[in-house]
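The sequence shown begins at 3 in this note's numbering and counts up by one.
Heads up, the beta-carbon is just placed ideally off N, CA and C, and yes, glycines get one too.
Below: one structure, written as structure tokens.
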Amino acid sequence: MRNFLAVILALVAGITASVGLVAWKLDGVINEPEPIQDILGSGEAADQLKSAVPDALGNMASESIDIAVVGDAVSAAVSRAVGEITSHGDFDQAWSESLEQTRVGWVESIDSLRAQMETGEPVAENSTDAQLQLRLDPVAEVGVSVIDDAVAQVPGSSGGLGLEPELRVDMATPPVSMLTAEQVVLAEELITLWPVVLVIAGIVLLMALLVASYGSRWIVWLISGLLTAISGVALKVGFAWMQNQVLDTAENTPQLSLARPFLRALQEWADPQLIVLMAIGFGCALLGILGGFIAANRQRTRY
3 MRNFLAVILA
13 LVAGITASVG
23 LVAWKLDGVI
33 NEPEPIQDIL
43 GSGEAADQLK
53 SAVPDALGNM
63 ASESIDIAVV
73 GDAVSAAVSR
83 AVGEITSHGD
93 FDQAWSESLE
103 QTRVGWVESI
113 DSLRAQMETG
123 EPVAENSTDA
133 QLQLRLDPVA
143 EVGVSVIDDA
153 VAQVPGSSGG
163 LGLEPELRVD
173 MATPPVSMLT
183 AEQVVLAEEL
193 ITLWPVVLVI
203 AGIVLLMALL
213 VASYGSRWIV
223 WLISGLLTAI
233 SGVALKVGFA
243 WMQNQVLDTA
253 ENTPQLSLAR
263 PFLRALQEWA
273 DPQLIVLMAI
283 GFGCALLGIL
293 GGFIAANRQR
303 TRY
């Protein structure tokens with residue numbers, strides 16, 4: 003009976019430890035400016051994401067061009083200017099500001115939804131208010147400036163295109179089919195409680211070790227370690243499923259060119275974290291297996 007209870011406690015410890023560790027990392031991304039800058043500000047995938055932004059600006063500019071008035075010369079000037087946006091001296095600073103505005107904007111959306119829920123006002127199940135929206139207004143300001151300067155040099159043009167320096171891109175992340183707006187709000191609240199969750203995991207693990215009979219405590223390490231490793235695998239599979247959902251939603255839309263590098267950048271950040279989680283789990287499981295061999299040898303020695 004004691005060992006059965008120890009196994010149950012080990013299962014709980016493994017799950018809570020996994021939740022606490024994941025929540026710890028996500029809390030940093032959500033509530034601190036540096037992690038999101040590291041994830042989307044540098045690296046191959048981040049560079050691809052930044053390179054895809056000028057195309058979105060170019061599409062916005064192309065829609066405002068009156069071909070009958072200025073002809074192909076303006077189109078050529080816009081295309082040339084779009085290619086120069088990422089090399090502009092103010093682009094990197096504007097990109098950094100855009101990432102911070104994106105993070106803060108998402109947090110504000112979650113806070114607004116939470117206030118709405120606290121007043122008893124229902125949130126529609128298909129609401130996209132909790133999804134991430136890239137707020138690229140600072141980048142758009144740089145792009146509009148570059149485009150207007152290029153267009154102003156075209157003979158016969160009347161100056162800039164008069165574009166509004168606003169660029170918002172809905173990323174459909176997380177998908178509504180995966181998490182509703184209310185569930186995202188609840189998940190964000192849980193994420194902030196990661197210190198409590200980790201403390202609970204430690205207490206439950208200690209209880210499991212104390213409850214297990216002498217010579218069987220290795221079972222606790224084995225079960226809790228396996229649950230932690232399995233949680234890491236499950237999160238990896240869940241993230242892959244979310245990527246497919248987002249890409250399916252963005253298919254045949256202008257967002258697709260931004261969605262692919264955006265999700266890849268997230269994956270490049272998440273994979274090492276999940277590998278560490280799985281390694282911790284397998285390490286605890288191996289410790290349990292080693293303890294099982296030692297306990298078995300001791301038992302054979304006695305008899």
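By alpha-carbon positions, which one of the options ends up nearest to residue i?
i    : options               : result
A203 : S129, V187, L23, L7   : L23
L42  : Y216, A272, D92, A236 : A272
R266 : T18, Q50, L115        : Q50
Q135 : G227, F93, A261, D250 : A261
Y216 : T18, L28, R300        : R300
A54  : N33, G85, L289        : G85
V148 : L268, A83, A126       : A83
Which residues in the same chain have their Cβ closer than 7 Å to the Cβ of residue i, if we skip the five residues on either side of it in sequence?
i    : result
M280 : A231, G234, V235
E270 : G45, A47
A15  : A203, V206, L207, A210, S226
L237 : V24, L276
M180 : M244, Q247
T88  : K52, S53, P56
E127 : T182
P124 : none
H90  : V144, V148
D29  : I193, T194, W196
L268 : I41
CA-CA distance, residue i and residue j?
i    : j    : result
C286 : V31  : 27 Å
V307 : E190 : Nothing in the structure corresponds to residue 307, since the chain is present only between 3 and 305.
S98  : Q257 : 20 Å
G283 : D92  : 45 Å
I151 : G145 : The sequence given here has Asp at residue 151, not Ile. Rounded to the nearest angstrom, the two C-alpha atoms are 10 Å apart.
L229 : V199 : 16 Å
Q103 : I291 : 48 Å
G45  : A142 : 22 Å
P37  : A47  : 15 Å
A252 : I221 : 46 Å
R137 : L101 : 7 Å
L115 : V106 : 14 Å
G293 : A12  : 15 Å
W223 : L288 : 8 Å
L195 : E120 : 19 Å
D40  : T175 : 19 Å
V186 : A132 : 7 Å
A298 : S20  : 29 Å
S259 : I296 : 56 Å
D167 : L59  : In the sequence under discussion, the amino acid at residue 167 is Pro, which differs from the Asp named in the question. Each residue's Cα considered, the two are about 9 Å apart.
G122 : D172 : 27 Å
I10  : R219 : 13 Å
D250 : D113 : 28 Å
K27  : D94  : 25 Å
With a threshold of 16 other CB atoms inside 10 Å of the CB of residue i, please say whether the residue is buried or exposed.
i    : result
V201 : exposed
T255 : exposed
I277 : exposed
A117 : exposed
I225 : buried
G240 : exposed
S111 : buried
F264 : buried
T18  : buried
V109 : exposed
I69  : The predicted position of I69 is uncertain, since its pLDDT is 49 and thus under 50; a value taken from the coordinates is nonetheless stated next. Counting Cβ neighbours within 10 Å, I69 comes out exposed, since fewer than 16 surround it.
R170 : exposed
A242 : exposed
So, does the CB of residue i fall closer than 9 Å to a CB anywhere in chain C?
i    : result
I205 : Absent here is chain C; the protein component of the structure consists of one chain.
Skipping 5 residues on each side, what residues in its chain have a beta carbon closer than 6 Å to that of residue i?
i    : result
V213 : R4, L7, A8
A96  : P140, V141, V144
S129 : A183
P35  : E102
Kindly list the residues whose CB is nearer than 8 Å to the CB of residue i, restricted to its own chain and excluding five residues on each side of it in sequence; keep chain order.
i    : result
Q188 : Gln is not the amino acid found at residue 188; the sequence shown has Leu there. Around L188: no qualifying Cβ.
N33  : V109, T194
V71  : Low confidence applies to V71: its pLDDT is 47, below 50, so where it sits in the model is not reliable enough to give any reading.
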